[in-house]
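Heads up, the sequence shown stops at 621 in this note's numbering, and the numbers go up one at a time, no gaps. Notes follow the structure.
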Amino acid sequence: MLNDLLQLLGVAIWFILPAYVANATPVVLGGGAPIDGGKLFRDGRPIFGAGKTIRGFVAGLIAGSLVGVLQGVVAGQAYTYVLLGLLLALGALVGDLLGSFIKRRLNIPRGGAAPVLDQLGFVVFALLFASPIMVIMVLRWEVILTILLITPPIHLATNFVGYKLGFKSRPY
Ligand code: CTP
Ligand code: MG
């Protein structure tokens with residue numbers, strides 16, 4: 450029983466790792482010009498805001514995809530893992546962008562908290578983008594459920610560490 454749960458946890462983290470890395474990398478390597486070019490939406494508020502930068506997006510995409518390449522080397526299914534890494538990373542970053550778009554429409558300022566959306570939005574989109582590969586891999590639904598359950602606490606914990614290390618100005 451405990452062994453099964455630990456195995457499920459291991460499979461879940463192994464699978465979703467490129468999305469986690471893609472989401473965390475911009476915090477360290479991001480900054481500079483914003484993706485929205487500083488433009489405002491028709492409601493007069495930023496499209497995404499200054500927290501979504503081109504450098505952060507590109508760095509996250511490269512780092513997440515590199516994880517996929519490493520996984521392909523380790524697991525020996527290069528094509529599957531490279532494609533999976535790319536889709537999970539892209540999905541995580543697009544989901545994060547969409548989250549910021551929604552936050553700005555709700556008048557939540559850059560860096561303001563949007564519970565659930567902040568912790569789960571990126572991973573839901575990563576899974577959506579990677580869903581064709583998940584079908585090919587016959588990924589069990591329990592793995593997806595596990596990912597959805599563990600991501601919020603992992604996200605909150607890593608953000609807290611990022612805050613303590615001085616990478617983030619807010620602990621969430
Ligand atoms: N970041 C970046 N480029 C991205 C995503 C994130 O440069 N595409 C960096 C920014 O420095 C950002 C930090 O990572 O401040 C933390 O990301 P996140 O918490 O997603 O952004 P917030 O600043 O909280 O902005 P928002 O309210 O839009 O989520
Ligand atoms: Mg934030």
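Every residue gets a Cβ at the ideal spot worked out from N, C-alpha and C, and that includes glycine.
- When distances are taken from the beta-carbon of T474 to the heavy atoms of the ligand CTP, even the shortest one reaches 6 Å or more.
- Taking non-hydrogen atoms of the ligand CTP into account, the C-beta of K613 is found less than 6 Å away from none of them.
- Sequence-distant partners of D545 (beyond 5 residues in either direction) whose C-beta falls short of 6 Å from its own C-beta, in its chain, are F571.
- Environment of the ligand MG, chain-ordered: G560, D567, taking every residue with Cβ within less than 6 Å of a heavy atom.
- For M450, no alpha helix (DSSP H) encloses it, and the DSSP letter there is neither H nor E.
- Each residue's CA atom was taken as its position, placing V592 and A512 some 23 Å apart.
- Distance from the CA of F464 to the CA of N608, rounded to the nearest whole angstrom, comes to 21 Å.
- In this structure K552 is in contact with G561, their Cβ atoms being roughly 7 Å apart against a cut-off of 8 Å.
- Beta-bridge partners assigned by DSSP to T502: P483.
- Secondary structure at P467: helix, using DSSP grouped into helix, strand and coil.
- It is roughly 7 Å from the alpha-carbon of V518 to the alpha-carbon of G534.
- Each of P467, N556, A471 was checked against the Cα of R491, and the nearest Cα belongs to N556.
- Contact between S549 and G498 holds: CB atoms are separated by about 6 Å, below the 8 Å threshold.
- Here DSSP, grouped into helix, strand and coil, assigns P602 to helix.
- Counting every other CB atom within 10 Å of its CB across the protein chains shown gives K501 a total of 16 or more, marking it as buried.
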